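A.B. asks: In our numbering, the protein residues as written are 825 to 952.
One structure, pasted below without further comment.
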Amino acid sequence: MLVSLLVLLLMFLGYLTVALLTARVAYGMERARIIEQERDWHTDEDPVERFREQGQSVAATTGFLYGFAWPVVIPGYLFYRCAALVITRRPPPTPYERAARTERLDERIRELEESLGMRGRPHGQADH
825 MLVSLLVLLL MFLGYLTVAL LTARVAYGME RARIIEQERD WHTDEDPVER FREQGQSVAA
885 TTGFLYGFAW PVVIPGYLFY RCAALVITRR PPPTPYERAA RTERLDERIR ELEESLGMRG
945 RPHGQADH
């Protein structure tokens, strides 16, 4: 009975510890996002001061909710990051990207040929 109560207490303390850490990380991420948006939206004001006045409670609430639900949030976030990495990793190039790459390569070849003195000479002709 005492052992099971102690295990339950340790589990609860572990839950709270991870909840606080998750809340702190989520608050930091939300704070950075809000300050960045404030910087873009209100260029004439200090974004950190606007965050303190208007966005801090939203960021704290978001952090609290993420911390409270950490058994779902952490695996979900990790899955999202892995999925985003797999989905966005080296997609097939679009026709625009292929054409731009070909144009860059052609330009680089012209530069190299000019620097080597090969420009303007018909193909197959060699210096004797």
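Just so it is clear, CB atoms sit at the ideal spot from N, CA and C, and this is done for glycine as well.
Only a predicted model underlies this, so the values are computations on that prediction, with no experimental measurement involved.
Look up residue 959 in the DSSP assignment and say whether it is helix, strand or coil.
C.D. replies: The chain is shown only over 825 to 952; residue 959 falls outside these bounds and no answer can be derived.
A.B. asks: Just the C-alpha distance for residue 923 and residue 872, rounded to the nearest angstrom, thanks.
C.D. replies: 44 angstroms
A.B. asks: Tell whether a beta-carbon distance below 8 angstroms holds between residue 892 and residue 843.
C.D. replies: In this structure, residue 843 lies closer than 8 angstroms to residue 892 by Cβ.
A.B. asks: Say whether the region 878-893 touches the region 854-870, bearing in mind that this needs 3 or more beta-carbon pairs closer than 8 angstroms, one atom from each stretch.
C.D. replies: yes
A.B. asks: Kindly indicate which three-state DSSP category residue 853 falls into: helix, strand or coil?
C.D. replies: Helix at residue 853.
A.B. asks: For the alpha helix (DSSP H) containing residue 885, list its first residue and its last residue.
C.D. replies: 880-892
A.B. asks: Taking its Cβ as the centre, do 16 or more other Cβ atoms sit within 10 Å of residue 810, making it buried, or is it exposed?
C.D. replies: Since the displayed the chain opens at 825 and closes at 952, residue 810 lies outside it and no answer follows.
A.B. asks: For residue 851, count the other beta carbons within 10 Å of its own beta carbon; 16 or more makes it buried, fewer makes it exposed. Which is it?
C.D. replies: buried
A.B. asks: Does DSSP put residue 838 in a helix, in a strand, or in coil?
C.D. replies: helix
A.B. asks: Using beta-carbon positions only, say whether residue 848 and residue 887 come within less than 8 angstroms of one another.
C.D. replies: yes
A.B. asks: Classify residue 846 as buried or exposed, calling it buried when 16 or more other Cβ atoms lie within 10 Å of its own Cβ.
C.D. replies: Per the 10 Å Cβ criterion, buried.
A.B. asks: The alpha helix (DSSP H) spanning residue 876 covers which residue range?
C.D. replies: That residue, residue 876, is in no alpha helix (DSSP H); it is neither H nor E in DSSP.
A.B. asks: Please classify residue 856 as buried or exposed, where buried requires at least 16 other C-beta atoms within 10 Å of its C-beta.
C.D. replies: exposed
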